[in-house]
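In what follows, a single structure is set out as structure tokens and then discussed.
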Amino acid sequence: MARVIIFGSMNMDLSIECDRMPQAGETLSGHDFITNPGGKGANQAVAASRLGASVGMIAAVGADGFGNELVATLEAVGVDCTKVTRSSETSTGVAIIVRSAGDNRIVLSAGANHLLSSEDVVRALHAVAEPGDVFLTQGECDAEATLAGLHEAHSMGLYTILNPAPARPMPDEAWADVDLVCLNETECELMCGICPTDEEGCLKAASRLQELGVRSVVITLGSEGSIGFEAAGDKPVRVGAHKVEIVDTTAAGDTYIGALAAGHAAGMSLVESMAWGSAASALTVGKLGAQQAIPTAAEVEATGWKCCS
Ligand code: RIB
Numbered sequence: 601m602a603r604v605i606i607f608g609s610m611n612m613d614l615s616i617e618c619d620r621m622p623q624a625g626e627t628l629s630g631h632d633f634i635t636n637p638g639g640k641g642a643n644q645a646v647a648a649s650r651l652g653a654s655v656g657m658i659a660a661v662g663a664d665g666f667g668n669e670l671v672a673t674l675e676a677v678g679v680d681c682t683k684v685t686r687s688s689e690t691s692t693g694v695a696i697i698v699r700s701a702g703d704n705r706i707v708l709s710a711g712a713n714h715l716l717s718s719e720d721v722v723r724a725l726h727a728v729a730e731p732g733d734v735f736l737t738q739g740e741c742d743a744e745a746t747l748a749g750l751h752e753a754h755s756m757g758l759y760t761i762l763n764p765a766p767a768r769p770m771p772d773e774a775w776a777d778v779d780l781v782c783l784n785e786t787e788c789e790l791m792c793g794i795c796p797t798d799e800e801g802c803l804k805a806a807s808r809l810q811e812l813g814v815r816s817v818v819i820t821l822g823s824e825g826s827i828g829f830e831a832a833g834d835k836p837v838r839v840g841a842h843k844v845e846i847v848d849t850t851a852a853g854d855t856y857i858g859a860l861a862a863g864h865a866a867g868m869s870l871v872e873s874m875a876w877g878s879a880a881s882a883l884t885v886g887k888l889g890a891q892q893a894i895p896t897a898a899e900v901e902a903t904g905w906k907c908c909s
């Protein structure tokens with residue numbers, strides 16, 4: 601079966617619940633503080649692995665306690681970390697997360713996440729990837745290295761998935777290296793200038809991205825589910841969000857994207873992977889934390905999830 605190769609971030613999340621978000625200059629008392637492994641890249645790796653994919657991680661952490669814990673957590677769920685660099689030049693990435701009423705605000709210290717260069721990523725890809733594998737990346741690592749990874753993976757015949765989170769502008773020509781882009785409303789507006797507030801907006805945004813060269817587009821719409829455009833001119837497919845009690849939304853999007861990657865590697869159709877991701881991320885929001893909240897394939901199966909079409 602195809603593997604999922606992820607170039608992405610690894611952060612230690614320091615996360616605290618507040619009754620409301622603090623104002624500028626204000627100090628609030630919080631509660632339910634947790635320290636737990638996170639980072640969009642690593643969360644997506646955990647999701648894809650728990651959902652049954654064989655996953656390889658390309659990343660960097662500091663030679664410190666947080667770095668050791670992040671690598672150990674990935675290895676414990678079966679992710680191949682032989683291409684995770686440990687560097688004493690910088691510290692491990694950290695995310696400070698304030699949670700309130702099911703929402704969150706995140707401040708990142710990138711640390712080692714910006715350490716790997718384009719050459720490092722290309723070298724690692726040649727060491728671990730095969731044509732037909734899936735390459736998945738996001739926006740928390742060095743921008744040039746991310747684009748180089750997409751370009752090389754695409755040239756090597758991998759199926760490339762970009763989750764531009766956080767979003768940052770990208771040169772138009774880089775879109776041709778992207779087979780599938782998965783993004784939320786805010787990321788979509790930043791990446792293509794169109795805010796997808798309704799189905800027509802989603803269609804316009806997807807068409808714009810497809811004109812730029814990307815093949816498939818999935819737009820996530822929070823409680824409204826997600827909408828997918830497999831290829832230019834295709835009818836959109838919609839998947840609803842599950843109605844669940846929200847404990848913490850951290851890593852819900854990462855779970856969904858991990859499922860898209862694992863689903864493609866397992867030969868699922870786009871809409872099937874979207875429905876699987878929707879069922880999996882509904883379980884993630886029901887638990888506190890990032891990686892510790894991500895479900896296994898058996899837990900998702902137990903929900904009786906079904907593909908909508
Ligand atoms: O998507 C959630 C993740 O974003 C957190 O785990 C945090 O580390 C930030 O990268």
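Numbered per our numbering, the sequence shown spans residues 601 to 909.
Beta carbons are placed, not taken as given, at the ideal position from N, Cα and C, and that holds for glycine.
heavy atom of the ligand RIB below 7 angstroms from residue i C-beta
i: residue 763; result: no
i: residue 940; result: Any answer about residue 940 is impossible in this case: the structure gives the chain only from 601 up to 909.
i: residue 706; result: yes
i: residue 611; result: yes
i: residue 742; result: no
i: residue 673; result: no
i: residue 850; result: yes
i: residue 784; result: no
i: residue 703; result: no
i: residue 859; result: no
i: residue 668; result: no
i: residue 640; result: yes
i: residue 853; result: yes
i: residue 890; result: yes
Selection from the options that minimises the alpha carbon distance to residue i
i: residue 608; options: 776, 743, 817; result: 743
i: residue 812; options: 734, 643, 611, 770; result: 770
i: residue 747; options: 827, 774, 823; result: 774
i: residue 690; options: 699, 666, 698, 768; result: 666
i: residue 737; options: 779, 682, 697; result: 779
i: residue 731; options: 725, 721, 756; result: 756
i: residue 645; options: 671, 633, 623; result: 671
i: residue 825; options: 893, 789, 838, 679; result: 838
i: residue 851; options: 631, 702, 684; result: 702
i: residue 615; options: 697, 823, 678; result: 697
i: residue 863; options: 854, 874, 853; result: 874
One or two residues paired with residue i in a DSSP bridge
i: residue 782; result: 818
i: residue 823; result: Residue 823 pairs with nothing; no bridge assigned.
i: residue 617; result: 631, 699
i: residue 651; result: Residue 651 pairs with nothing; no bridge assigned.
i: residue 680; result: 656
i: residue 612; result: 637, 694
i: residue 674; result: DSSP, once it has assigned bridges, lists no residue as partnering residue 674.
i: residue 662; result: 687
i: residue 715; result: Residue 715 pairs with nothing; no bridge assigned.
Please specify which runs of the alpha helix (DSSP H), each continuous and at least 4 residues long, are wholly inside the region 879 to 903, giving them in chain order. Annotation: the region 879 to 903 contains the following complete segments of the alpha helix (DSSP H) (minimum length 4 residues), in chain order: 897 to 901.
Just to confirm the assignment: which complete alpha helix (DSSP H) runs, minimum length 4, are found wholly within the region 719 to 786? Taking only runs of at least 4 residues, the alpha helix (DSSP H) segments lying wholly in the region 719 to 786 are 743 to 755.
Mind pulling the beta strand (DSSP E) runs of 3 or more residues that sit fully within the region 832 to 860? Runs of the beta strand (DSSP E) inside the region 832 to 860: 837 to 839.
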